[in-house]
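Enquirer: In the numbering used here, the protein residues as written are 95 to 824.
Even glycine gets a Cβ: it sits at the ideal position worked out from N, Cα and C.
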Amino acid sequence: MTLVGPRTTQLRLIARDRMVLAPGASIRAQGVGYGSNARHPSCSDGGARNGGMHGGGPEGKTCGDYEWPVLAGAGGSSGQHDGGSGGGSVMLVCNATESSAMELNGTVSVDGQSGRAFTSGSGSASGGGAGGSLLVVASRLSGSGTLSADGGAGADGYETDDSNGGSGGRIAIHAYQPSRSDFTGTVRARAGPAYGSWSPQAAAGTVYWCDGRVSESEAALEGEANAHRCGVRRLELDNGDLPETPYYPQLSIAGGRRRFVIDELHLETATNLSVQAPPDFDSVAAPGDRTSLSVSRMSGPGLSGSPLVAKNGTDWALGPDPALPVDEPFLLDLHSVGVEPLGRLKLASVTVTRRGMSLTVRGELTGVESLTLDRGTKAHLTSSGGSWVANVTDDTTGWKGWACAAERAACAVQTNGSIVRERGWYAFARLQLSGDASLVLDAGVQSLAAAELSMQGAATMTALGPRTTQLRLIARDRLILAPGASIRAQGVGYGSNARHPSCSDGGARNGGMHGGGPEGKTCGDYEWPVLAGAGGSSGQHDGGSGGGSVMLVCNATESSAMELNGTVSVDGQSGRAFTSGSGSASGGGAGGSLLVVASRLSGSGTLSADGGAGADGYSTLDSNGGSGGRIAIHAYQPSRSDFTGTVRARAGPAYGSWSPQAAAGTVYWCDGRVSESEAALEGEANAHRCGVRRLELDNGDLPETPYYPQLSIAGGRRRDRDESVGSGAA
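Take a look at the structure:
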């Protein structure tokens with residue numbers, strides 16, 4: 095059965111009881127849609143030498159309804175000859191009764207027509223036509239045939255004036271009785287191949303299964319997301335073995351539709367995943383008027399090569415509904431996932447990332463409670479993003495109630511219908527970094543909280559700078575840093591020549607000053623350090639940046655435990671050498687601040703707030719290192735004997751001719767806790783209720799220096815008491 099075109103309206107082939115297409119038989123509507131340079135008004139013009147566009151293309155350049163396709167394919171652009179015509183639009187119907195049956199063992203094709211070559215002189219080839227629309231509606235469907243809505247191929251042009259193929263069209267199959275397992279044939283909507291030098295390749299279209307049917311009342315609960323009463327909604331995207339392309343299949347939001355639900359997304363080949371925001375999206379006047387797409391399950395070999403972006407004005411939900419019980423974690427098996435500042439991503443309550451994928455959150459992250467970053471994952475949490483948890487007033491003992499307490503995380507607060515949210519706060523029930531997973535925290539990220547925070551293997555957490563405020567890493571029950579794992583805030587404090595107003599300028603070629611220096615030239619609270627390290631003085635290059643300020647907290651209950659076997663560093667950055675001409679080296683940055691607060695502490699790791707090294711200058715214009723920073727450890731249960739690792743706040747070494755050497759900073763232990771009444775007897779001398787107060791001063795094997803570590807008396811404090819001073823003091 096062959097259709098003759100051009101025809102831009104749908105042809106309906108309807109059977110009441112049975113429709114049978116035997117092996118070898120065919121229904122063909124190839125190249126009978128829109129002609130050269132023609133298209134439906136909702137479709138876009140691809141431009142010279144491009145193919146027609148339908149189910150896929152550049153962002154916002156597609157058309158047609160993927161669930162109920164009716165548009166004929168667009169024609170390709172003309173060259174020296176007409177462009178290929180698009181595929182036709184065909185509807186096959188056999189649904190009069192429950193026993194009505196459709197058996198498709200032959201071929202049904204609404205492919206686009208190929209473009210035409212032109213090589214006999216200066217001139218271009220014409221583009222291929224887009225695939226058309228095939229809509230199948232049956233009570234029961236079976237068979238092993240081929241259903242296709244492929245785009246027509248591009249063609250050879252003179253020299254490099256080759257052309258692109260047409261995009262894939264759209265196929266939708268609505269089977270009232272679940273039939274996908276009974277139809278074993280091929281269903282495809284691939285693009286036509288681009289020819290020769292043309293790039294980028296056209297995109298695939300869409301294949302949609304509405305498999306089985308639910309009641310009207312069930313469908314009504316989902317509104318526009320299930321207008322066709324589908325049991326299982328499956329979307330298949332496949333561009334065969336064609337080259338990768340930035341063009342991609344898209345779900346058109348024409349007609350004001352905002353909500354889409356896909357139960358199964360199958361990617362046979364890699365593709366970009368994104369949906370459009372409403373054209374009138376306004377984040378201020380109407381922040382809730384957004385496009386949302388929910389995908390419960392994902393499969394296919396193309397997943398690992400596919401990037402997903404939750405664009406501004408769009409909501410993505412991946413994985414089973416977080417409100418439902420789950421038997422196993424949801425695998426986020428994509429090449430990369432990004433969330434734009436006004437985008438939203440909702441993940442399954444228990445989510446594990448694919449090994450080697452990347453995750454960048456600049457917008458809103460919700461739903462996920464337990465997040466595991468598997469080996470090779472590169473995650474980036476930014477200051478414009480955040481994870482939001484419900485403000486559950488009756489969940490005072492759960493992780494959400496804890497996370498929503500002051501300075502734990504950002505929580506949704508309902509105020510006159512609007513949602514007020516803070517950015518730069520992230521919270522989870524459980525966050526685990528495995529293997530060599532890496533997590534980068536932007537300069538404006540203020541807090542990362544989890545009931546359980548675990549870093550295994552060679553996992554790294556890196557704070558970016560410049561950041562002059564404290565980063566808080568908070569765990570309710572357990573904070574584990576395994577051997578080989580690290581938390582690093584090195585050289586992310588104050589930049590070259592910059593410092594907190596309470597800190598002093600060391601002068602030319604000197605390092606930044608923090609915990610030690612000339613008399614009266616230090617800054618910061620040795621018992622409760624919060625200042626980022628000062629930057630070194632500039633020379634011919636900028637001075638080294640100071641170390642960052644990090645607080646590790648795990649003290650919610652008496653049994654809360656922190657185990658530090660890896661490395662936590664807030665070291666300053668080294669100065670830079672200059673030896674190629676007359677000029678000075680720059681100074682090293684001062685060590686930053688590390689504050690540890692735990693009910694119980696153990697481990698054998700390394701905690702450091704060392705200054706950055708000085709550097710080699712021209713002739714004798716060498717520079718000094720930065721002073722050591724400040725570390726304070728507050729352990730409510732006596733823990734100094736249980737932590738057998740290294741804790742240091744040494745200066746960075748001066749280089750060459752520079753003298754005097756920078757001074758060490760301070761390491762303070764508040765080991766054990768006394769009652770409020772006992773602490774009150776000492777007033778300001780024991781504001782933190784310390785059991786044993788131990789101060790350790792150590793500058794390693796660096797030369798003796800008249801500079802020295804100091805206890806700042808900022809804020810009018812006059813009384814200090816230390817039960818012991820470490821043996822490293824000089």
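#1: What would DSSP say about Trp519, mapped onto helix, strand or coil?
#2: Do you know how far the Cα of Ser386 is from the Cα of Thr408?
#3: Looking at the structure shown, is Leu791 part of a helix, part of a strand, or coil, going by DSSP?
#4: The alpha helix (DSSP H) spanning Glu310 covers which residue range?
#5: In three-state DSSP terms, what is Ala495?
#6: Note the first and the last residue of the continuous alpha helix (DSSP H) segment covering Ala773.
#7: What does a CB cutoff of less than 7 Å around Arg397 pick up in its chain, not counting 5 residues either side in sequence?
#8: Who are the near neighbours of Pro163 in its chain, counting only those whose CB is closer than 6 Å to its CB and skipping five residues on each side?
#9: In chain order, what residues of the same chain have a beta carbon less than 6 Å from the beta carbon of Lys440, not counting five sequence neighbours either side?
#10: Quick check: the stretch 683 to 699 against the stretch 656 to 675, are there 3 or more CB pairs under 8 Å?
#11: Nearest to Ser193 by alpha carbon, out of Met113, Ser171, Ala756?
#12: On a Cα-Cα basis, can you pick out the residue from Lys405, Ser639, Ala116, Glu770 that is closest to Asn366?
#13: Going by other Cβ atoms of all chains shown within 10 Å of its Cβ, with 16 needed for buried, is Ile108 buried or exposed?
#14: Can you check whether the CB of Gly125 is closer than 8 Å to the CB of Gln207?
#15: Alpha carbon to alpha carbon, how far is Ser721 from Asp383? Give it in angstroms, no decimals.
#16: For Gln526, which residues does DSSP report across the bridge?
#17: Give every residue of the same chain whose Cβ lies closer than 6 Å to the Cβ of Leu235, excluding the five residues on either side of it in the sequence, and list them in chain order.
#18: Distance, Cα to Cα, Gly249 vs Asp256?
#19: Considering only residues of the same chain and omitting the five flanking positions on each side of Gly141, which have a CB-CB separation below 7 Å?
#20: Could you tell me the distance, in whole angstroms, from the CA atom of Met147 to the CA atom of Ser377?
#21: Consider the C-beta atom of Ala557 and the heavy atoms of the ligand GDP; say whether any pair is separated by less than 7 Å.
#22: Using 8 Å as the threshold, is the C-beta distance between Gly259 and Pro294 below it?
#23: Once you ignore the five residues that flank Leu359 on each side, which residues in its own chain have a CB closer than 6 Å to its CB?
#24: Name the two residues that bound the continuous beta strand (DSSP E) containing Gly350.
#25: Skipping 5 residues on each side, what residues in its chain have a beta carbon closer than 7 Å to that of Asp619?
#26: Does the Cβ-Cβ distance between Pro864 and Gly708 come in under 8 Å?
#27: Which class does Ser388 belong to by DSSP, given the choice of helix, strand or coil?
#28: If you reduce the DSSP assignment to three classes, tell me which class Glu318 lands in.
#29: Rounded C-beta distance between Val204 and Gly225? I'm assuming under 8 Å.
#30: In chain order, what are the residue ranges of uninterrupted beta strand (DSSP E) at least 3 long that sit wholly in the stretch 174 to 261?
#31: I'd like the ranges of any beta strand (DSSP E) spanning at least 3 consecutive residues and lying wholly in the stretch 585 to 661.
#32: Opposite Arg694 in the DSSP bridges: which residues?
#33: Measuring only the C-alpha atoms, how far is Tyr801 from Ala758?
#34: Given a threshold of 16 other Cβ atoms within 10 Å of its Cβ, counted over all protein chains shown, does Ser751 qualify as buried or as exposed?
#35: Our contact map puts Ala285 next to Leu336 with C-beta atoms below 8 Å; I'd like the distance itself, whole angstroms only.
#36: Just confirm the distance between the C-beta atoms of Gly177 and Gly239, as a whole number of angstroms; I'd bet it's less than 8 Å.
Expert: According to the structure shown:
#1: strand
#2: 6 Å
#3: coil
#4: 310 to 314
#5: First, the residue type needs correcting, since residue 495 is Gly and not Ala in the sequence shown. Note: Gly495 maps to helix in three-state DSSP.
#6: 770 to 774
#7: The question names Arg, but residue 397 in the sequence shown is Leu. Counting only Cβ-Cβ distances below 7 Å, and skipping sequence neighbours, we find Leu361, Asp427, Leu428.
#8: Ser227, Leu229, Arg264, Ala266
#9: Ala411, Thr460, Gly461
#10: yes
#11: Met113
#12: Lys405
#13: exposed
#14: yes
#15: 53 Å
#16: Thr466, Ser548
#17: Met196, Ala269, Ser273, Phe277
#18: Just to set this straight, residue 249 is Ala in the shown sequence, not Gly. Distance between the alpha carbons of Ala249 and Asp256: 6 Å.
#19: Ser171
#20: 30 Å
#21: Looking at this structure, you won't find the ligand GDP or any other ligand, since it has none at all.
#22: no
#23: Leu329, Val389, Met392
#24: No beta strand (DSSP E) contains Gly350, which DSSP labels as neither H nor E.
#25: Ser806
#26: Only positions 95 to 824 of the chain appear in the structure, and residue 864 is not among them; the question remains open.
#27: strand
#28: helix
#29: 6 Å
#30: 183 to 188, 195 to 198, 201 to 203, 227 to 232, 234 to 236, 240 to 242
#31: 643 to 648, 655 to 658
#32: Ala655
#33: 9 Å
#34: exposed
#35: 6 Å
#36: Going by Cβ atoms, the distance from Gly177 to Gly239 rounds to 29 Å, so no, they are not a contact pair.
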